[in-house]
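Enquirer:
In my numbering, the protein residues as written are 3 to 70.
Laid out in structure tokens, this is it:
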């Protein structure tokens, strides 16, 4: 998951790079994690209902451990 501060609107935006279009936002980090769980479940359910394939996770061996 990727969390970015929304400097224009305030709050935070959370997305899942491996799940295109799956994102959520909140004014607080505390609420963001619960909303993230719901967003991911809703995204996966929608993909399954539409008969679309769920992408496999990225290869973690390419992860550099950097936070920006």
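No residue lacks a Cβ here, since even glycine has one placed at the ideal position from N, Cα and C.
Bridge partners of residue 16, per DSSP?
Expert: Paired residues: 5 and 26.
Enquirer: Taking the alpha-carbon of residue 8 as reference, which of 24, 56, 30 and 55 has the nearest alpha-carbon?
Expert: Of 24, 56, 30 and 55, the residue nearest in Cα terms is 30.
Enquirer: How should residue 16 be labelled, buried or exposed, when 16 other C-beta atoms within 10 angstroms of its C-beta is the threshold for buried?
Expert: Classification for residue 16: buried.
Enquirer: What would DSSP say about residue 39, mapped onto helix, strand or coil?
Expert: In this structure, residue 39 counts as helix in the three-state DSSP scheme.
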